[in-house]
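Peer 1:
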Amino acid sequence: MILLIIDLLQKFDYRIDETNIKKFLKALQKLEEHQHQIFLEDLEKTLQHFDDKKRLQEQDFLNSLREKNSDR
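In this note's numbering, the protein residues as written are 71 to 142.
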């Protein structure tokens, strides 16, 4: 779970330090028990969204390079 937290903090450009991780965990502890699973599922979906977006950007970049090379 800590890896998910670190990954999420990085995605939103938060500094990865003990204070931010503790704040995140404290907020997570305030959730009721049945909300933990929902939160984790949403977190995984959010991270997947960022990964998909990054992959599409990389693919678009590669396609634009291929187009430039084919124009030559």
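Backbone N, C-alpha and C fix where the C-beta goes; we use that ideal spot for every residue, glycine too.
Can the beta-carbon of Asp87 be found less than 9 angstroms from the beta-carbon of Leu117?
Peer 2: Taking 9 angstroms as the Cβ cut-off, Asp87 and Leu117 do not qualify as a contacting pair.
Peer 1: Quick check for students: name the residue ranges of the alpha helix (DSSP H) that lie wholly in the region 84-114, counting only runs of 4 or more.
Peer 2: Runs of the alpha helix (DSSP H) inside the region 84-114: 88-100.
Peer 1: Using only the alpha-carbon positions, how far apart do Lys115 and Lys93 sit?
Peer 2: If you take the alpha carbons of Lys115 and Lys93, they lie about 21 angstroms apart.
Peer 1: Within this structure, are the beta carbons of His106 and Leu98 separated by less than 9 angstroms?
Peer 2: It is a contact, given that the beta carbons lie within the stated cut-off.
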